Amino acid sequence: MAYYYNLILLIPTAPIPYHTSILTGEGWMLELLNGHPDRIQTCLGVGHDTFDHLVQVLMHHGISPS
Numbered sequence: 004m005a006y007y008y009n010l011i012l013l014i015p016t017a018p019i020p021y022h023t024s025i026l027t028g029e030g031w032m033l034e035l036l037n038g039h040p041d042r043i044q045t046c047l048g049v050g051h052d053t054f055d056h057l058v059q060v061l062m063h064h065g066i067s068p069s
């Protein structure tokens with residue numbers, strides 16, 4: 004029994020890619036902003052509303068999109 008327990012738990016499984024987007028830069032940001040609502044939270048740690056507010060604050064202080 005212990006043999007099968009170890010066989011199941013100790014055999015490494017192949018990793019499953021998480022970040023699979025081919026896009027970079029602006030394209031990736033647009034994908035986050037227009038995609039699934041939870042994805043921006045997962046990738047950036049903030050929600051869509053918070054990100055929009057951050058962009059507005061940065062623009063108010065003279066930082067423009069590149």
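Going by the working numbering, the letters in the sequence shown line up with residues 4 to 69, in that order.
A virtual CB, placed ideally from N, CA and C, is assigned to each residue, including glycine.
Only a predicted model underlies this, so the values are computations on that prediction, with no experimental measurement involved.
What residue range is occupied by the uninterrupted alpha helix (DSSP H) comprising residue i?
i: T3; result: Since the first residue of the chain shown is 4 and the last is 69, residue 3 is not available in this structure.
i: L47; result: 40-47
i: L33; result: 28-37
To which residues of the same chain is residue i closer than 7 Å at the C-beta, ignoring the five residues directly before and after it?
i: W31; result: S24
i: C46; result: L35
Do you know whose CA, among the options, lies nearest residue i's CA?
i: D52; options: G65, L35, S67; result: L35
i: P68; options: I19, R42, P20, E29; result: E29
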